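Student: Structure below; questions to follow.
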Amino acid sequence: MTRNHRSAKAAGTRFERNIADTLAQHVDDRIDRRVKTGAKDRGDIGGVRLHGQRIVLECKNTSRINLATWMRETEDERGNDDALAGLIIHKRHGKGDPLDQWVTCTLRELIAILRANRIEEP
Numbered sequence: 607m608t609r610n611h612r613s614a615k616a617a618g619t620r621f622e623r624n625i626a627d628t629l630a631q632h633v634d635d636r637i638d639r640r641v642k643t644g645a646k647d648r649g650d651i652g653g654v655r656l657h658g659q660r661i662v663l664e665c666k667n668t669s670r671i672n673l674a675t676w677m678r679e680t681e682d683e684r685g686n687d688d689a690l691a692g693l694i695i696h697k698r699h700g701k702g703d704p705l706d707q708w709v710t711c712t713l714r715e716l717i718a719i720l721r722a723n724r725i726e727e728p
């Protein structure tokens, strides 16, 4: 079956729901899929916290990986949410289990998570 805009959008929504439900089940039951907010988007999954600070999660269910674009989007959303860090969760094709999906971030994001504070860009 060929993907069109509607089927791609539905697949993305299902992917976000599966990720949110899995995180809620295994981490914190307050984690849930966020409502889209347009230009001031704050990521796809809400309620994720570490060290008392928000973590932005951006979900992508696409066959074409575009990490540079996704990371710019995630960084914008991290800023909109005043979050500690932003992570991209993207579809690992051939793996249906949400626990088997990819998670990608920059070293800056990983350091922020490990130290509980950000290294700001120069």
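In our numbering, the protein residues as written are 607 to 728.
Each residue gets a CB set at the ideal place from its N, CA and C atoms; glycine is no exception.
Being a predicted model, the structure only gives us computed values, none of them experimental.
1. Name the two residues that bound the continuous beta strand (DSSP E) containing H657.
2. How would you call R639, buried or exposed, if buried means at least 16 neighbouring beta carbons within 10 angstroms?
3. Between which two residues does the alpha helix (DSSP H) harbouring G692 extend?
4. Mapping DSSP to helix, strand and coil, what is D687?
5. Hey, how far is the Cα of A616 from the Cα of K666?
6. Rounded to a whole number of angstroms, what is the C-alpha to C-alpha distance between K646 and A614?
7. On a Cα-Cα basis, can you pick out the residue from T628, K701 and G644 that is closest to E679?
8. Out of curiosity, what's the CA-to-CA distance linking C711 and H696?
9. What does DSSP give as the partner residues of V662 in its beta bridges?
10. Just how far apart, CA to CA, sit I625 and P704?
11. Helix, strand or coil for R639? Go by DSSP, reduced to three states.
12. T710 by DSSP, collapsed to three states: which one?
Tutor: A quick look at the data gives this:
1. To locate residue 657, count along the sequence shown from 1; it is residue 51. Note, H657: premise wrong, no beta strand (DSSP E); not H, not E.
2. Residue mapping note: residue 639 aligns to position 33 of the sequence shown, counting from 1. Looking at its Cβ environment, which holds 16 or more other Cβ atoms inside 10 Å, R639 is buried.
3. The count along the sequence shown starts at 1 and reaches residue 692 at position 86. Premise fails: G692 lies in the beta strand (DSSP E), A691 to H696, not in any alpha helix (DSSP H).
4. As a working mapping, residue 687 is identified with position 81 in the sequence shown. It is helical.
5. Sequence index remark: in the sequence shown, residue 616 carries index 10 (1-based). Sequence index remark: in the sequence shown, residue 666 carries index 60 (1-based). Roughly 12 Å separates the two Cα atoms.
6. Here residue 646 is taken as the residue at index 40 of the sequence shown, counted from 1. Here residue 614 is taken as the residue at index 8 of the sequence shown, counted from 1. One C-alpha to the other measures close to 22 Å.
7. Residue numbering aside, residue 679 sits at position 73 when the sequence shown is read from its first letter. The residue with the shortest Cα to Cα distance from E679 is G644.
8. Position 105 of the sequence shown, counting from 1, holds the residue named residue 711. Position 90 of the sequence shown, counting from 1, holds the residue named residue 696. Going by the C-alpha atoms only, they are around 11 Å apart.
9. Taking the sequence shown and counting its residues from 1, the one referred to as residue 662 is at position 56. Answer is G692.
10. Residue 625 sits at position 19 when you count from the first residue of the sequence shown. Residue 704 sits at position 98 when you count from the first residue of the sequence shown. Computed Cα separation, rounded: 6 Å.
11. Your numbering for residue 639 matches position 33 in the sequence shown. DSSP places R639 in strand when its eight states are reduced to three.
12. In the sequence shown, the residue the question calls residue 710 occupies position 104. The answer is strand: DSSP assigns T710 an E or B state.
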